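Data first, discussion second: the structure below is written as structure tokens.
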Ligand SMILES: [Mg+2]
Ligand SMILES: [Zn+2]
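Chains as they are written, first to last, in our numbering: chain U, 3 to 501; chain F, 30 to 129; chain V, 172 to 668.
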């Protein structure tokens, strides 16, 4: 394990130890224990059932979809799925917690140990691939939301989020640098989105991390950790680690000790501070929720979960390299996000069909188009482009024309520009806008005959062995043809005529 | 195990029940009386016995992921939810200002 | 009219239902008669609030149905008392606690809704021990319930039992033909025994807990309290049923218990648990137990000895499990969303919680919350809570083994008859011991019933308890019926209110 991230202190080097508890909102229409909607952005307290508001006598009934998604997520990280699990109550008093307890899982979580691979990334300082252990995933209720700035002496409580299902994904303390933690969150997000168990929308709070940080001299025992709550972007996670690691080193080197405490991150200053509202000693008095029986999963259910899993990022990336022959870079770029591979695979299938070759034969061309050419054109057009025109069908047409030599790379871009702006058919554009290469040997031959006649000296030199001049003749021909000649045809005729 | 006044104060604080000195004093012997009595459970040999989870054999039933499937446990009833609130304002529950 | 009214209030569920259906009297006449009886009985303090209009509206609906020849429902035309632990839409629901004073639910509990759907009406919300914590009805914020019974030659106010003491008092006093109760550790059976009426706690999960203010979730079960076994069978049929809103609800059809009633116990074996012969049990209670055996033998049953070795530990286990669950269940009463809020000057959120809960909860509730908080707190969970749940497994196993040798178990309901209000106030433990015979069946989730057997030398009722196998309410009801037919319990409290 190579990790180069070290904090340089007055007393020497320090290593940072990081564990993450990621809360991911489970993709479901209704809440974990009530029928209220989970939709984002509703008016305050409009998506609150009597159950979510903890009215007297209300009872929880679990949502099967939330259980299913947690199990599928567990399978995606190759984790132990516990056929027997239980919901426990975590008791504490807070205004965003109507029941006075959170229904969570402590003693028997639904998912046990698993793992996740983060890839080497030299630029980020990750020297080689690394497996990060995952301790567990449990299912629990989200809390409501408190608003502090609407009234001079009151806080306002909105329970719309109260009872929304979360998966808490707890890593082992296996990360050693902000970059590794960043890569872990990105990879986890990618997997969740592949699986479809969480939309990964960090701005809307669908994913947020509790960041556990401690420091130690390399090789020594773990130090005391702090937990910074509810950090909602990859960048912030990295900032928290950076800040906390340095703060802790300062404290320790000045003879202080680290309190095991809960902290808050301030994105404006990039710093963390002790959380006042959670200052009293925790004693959550966990016990099995007597309103809910143990959750026992049937084999059939597990099989159904497994069968419904898509190809996951690591497997897909490997397949892109071995079966499609893509470069490791392209394979990684294309598999990082659900949207990217989705668009790529659709385009690949359409292109292969149009050209009539196996996917593997056109994959590199399509990958280059998808990763650099197409985004470049789109970007250069800015607002002029209508993304709705970027259909797989249109792009496949362009790629097929290019594959057949009917258009050049430059023409492909030009055609795509027009397609993006207008939604016109690419072949029609190529025809009517004169954006096709001339493969008509008659016209090309005539042009070449002229050039040979007008450059007798150069022809002499070429035939005398100055091979480099071939490029000159190509250039002259293309110029004469106004750039529209098929380069392959030009080459062939030139070779024939120059001898 | 018996509790002293400080322990009772700690429990009362955990349970968010404000108690004055006199009340705490009074609670100490009452709670100890009960705790001493329940302690006899320690006599029972429970090795190999699982703690009870379901009193009557029954499996946890799950519901389908359908919004507002049952009216009584549906959302979209803010009026009802806020109807009994001691301080409801602008569609929110009001509480004394919390500093995080 | 008063004379008829008096006659009507002597009727039970079955007679009212059949009388209304048969046109002997109207549902409205019945409702008016009971409304009047309730209004006259304020001295019992059995009701926290009365709802005469609810009873009348339900009665009118039944009368209208009858005029149209429609089905009147299982409880058609029967006005009942509703324990104030059941949420009733638009009608104050308090659990007899200051902390819920004025709380008006925007929803109806499943059980009460089932009853209204079956044609019943509501006379009012019945008083109880605060949050159903108590065995004497002395912990209500709204004052003690006075039993209609008094010792012969005494004017001392007696306990109606608890926690369903408003229910037992109302039914015994004939101001309600029947009432709902809830039983967590004897809260239907013990007050039924004290008041000389009949009450059954069905198998855990038969009656939905949705909309019932929770005390201890793994134990709470609703059930009917009435004057006869038949009435209980009818009312339980109306109350019970699968509810998708309660994850612990039993997904089973409700048997036709009324139709299945039979006092013939041929081929039935009744177990007598030897561990229930406890020190401190009243001689007269032991005598009535012996009498009970005779009655059941007379009904054709074979009496067999059985052993429930962990009986002694049931009560202490209960006093860990129930307070633990309660400490968590009652955390929601925090002054934020409903109920009392006590906000001292300058108080922060956590101070508000502490002040509200100090002001809103009564002493017994506080005591149990503290015990429950303590036994769940860090370092004590295994020694107390987990150990208690293991003992609970053993108690349940005892019953399962006993039921290998018998079909039902006969025992006293309580170790003593009713006692004067105030007599056990300083002694929570002695009070708790009142439920020593009732709690084991609660811990095991079993159906159990109390049937009046006789009166003691003081003229106070004594009850006998029948505990059945899971789901075998029919067996319990049938044994109860056999006792009822032989006990011929006709004693009635003399009207002093
Ligand atoms: Mg955490
Ligand atoms: Zn969590």
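Virtual Cβ for every residue (Gly too), placed ideally from N, Cα, C. None of these values were measured; they are calculated from a predicted model.
In the DSSP assignment, residue 214 of chain U forms a beta bridge with U:21 and U:229. Three or more beta-carbon pairs separated by less than 8 angstroms are not found between the stretch 348–366 of chain U and the stretch 304–320 of chain U, which leaves the two stretches without contact.
Proximity of the stretch 246–263 of chain V to the stretch 79–87 of chain F falls short of the contact definition, fewer than three beta-carbon pairs being nearer than 8 angstroms.
In the structure shown, residue 66 of chain F falls within a helical segment according to DSSP collapsed to helix, strand and coil. For the pair residue 472 of chain U and residue 407 of chain U, the Cα-to-Cα distance works out to about 21 angstroms. With a 10 Å radius around the Cβ and a threshold of 16 neighbouring Cβ atoms, residue 475 of chain U comes out buried. Out of U:395, U:286, U:309 and U:226, the CA that lies nearest to the CA of residue 550 of chain V is found in U:286. Residue 207 of chain V is bridged by DSSP to nothing; it lacks a bridge partner. Within 10 angstroms of the beta-carbon of residue 128 of chain F lie fewer than 16 other beta-carbons, which makes it exposed.
Taking CB atoms only, residue 92 of chain U has no neighbour in chain F less than 8 angstroms away. Against chain U, a Cβ distance below 8 angstroms from residue 300 of chain V picks out nothing, because the smallest value is about 16 angstroms. Contact of residue 393 of chain V with chain F is not assigned, every C-beta pair being separated by 8 angstroms or more.
Straight across, the Cα-Cα distance linking residue 598 of chain V with residue 384 of chain V is about 26 angstroms.
When Cβ-Cβ separations below 8 angstroms define contact, residue 325 of chain V makes no contact with chain F. For residue 158 of chain U, DSSP records a beta bridge to U:149 and F:123.
In terms of Cβ geometry, residue 124 of chain F and residue 164 of chain U do not form a close pair [threshold 8 angstroms].
The criterion of a C-beta distance shorter than 8 angstroms is satisfied by residue 48 of chain U and residue 105 of chain F.
Burial state of residue 571 of chain V is exposed, judged by a 10 Å Cβ sphere holding fewer than 16 other Cβ atoms. Around the beta carbon of residue 59 of chain U, 16 or more other beta carbons lie within 10 angstroms, which makes this residue buried. Residues are counted here when their Cβ sits less than 7 angstroms from a Cβ of chain U; for the stretch 481–507 of chain V these are 495, 496, 499, 502, 503, 505 and 507, given in chain order. For the alpha helix (DSSP H) assignment, the uninterrupted runs of no fewer than 4 residues enclosed by the stretch 304–333 of chain U are, from N- to C-terminal side, 315–324. Contact of residue 121 of chain F with chain V is not assigned, every C-beta pair being separated by 8 angstroms or more. In chain order, 488 and 491 place their CB closer than 6 angstroms to the CB of residue 441 of chain U, counting only its own chain and leaving out the 5 sequence neighbours on each side. Excluding residues up to 5 positions away in sequence, 336 and 372 lie with their Cβ nearer than 6 angstroms to the Cβ of residue 346 of chain U in the same chain. The beta-bridge partner set that DSSP reports for residue 257 of chain V consists of V:383.
Taking residue 358 of chain V as the centre and dropping the five residues before and after it, the same chain places the C-beta of 303, 333, 334, 335 and 352 closer than 7 angstroms to its C-beta, in chain order.
For the stretch 312–338 of chain V, the set of residues with a beta-carbon nearer than 9 angstroms to any beta-carbon of chain U is empty.
In this structure, the C-beta of residue 110 of chain U stays at least 7 angstroms away from each heavy atom of ligand 2. In the pairwise beta carbon analysis, the stretch 554–569 of chain V is classified as not touching the stretch 622–639 of chain V: fewer than three pairs are separated by under 8 angstroms.
In this structure, residue 255 of chain V lies near residue 299 of chain V, with their beta-carbon atoms less than 8 angstroms apart. Residue environment: residue 433 of chain U is assigned as exposed (fewer than 16 neighbouring CB atoms within 10 Å of its CB, all protein chains considered). By the Cβ rule, the stretch 368–388 of chain V counts as touching the stretch 408–427 of chain V, because three or more pairs are nearer than 8 angstroms.
Residue 148 of chain U and residue 91 of chain U have their alpha carbons spaced roughly 22 angstroms apart.
When Cβ-Cβ separations below 8 angstroms define contact, residue 283 of chain V makes no contact with chain F. For the stretch 21–49 of chain U, the residues whose beta carbon sits under 7 angstroms from a beta carbon of chain F are, in order, 30, 31, 32, 36, 37, 38, 39, 45, 46, 47, 48 and 49.
For residue 268 of chain V, there are no C-beta contacts with chain U under 9 angstroms, since the nearest C-beta of that chain is about 10 angstroms from it.
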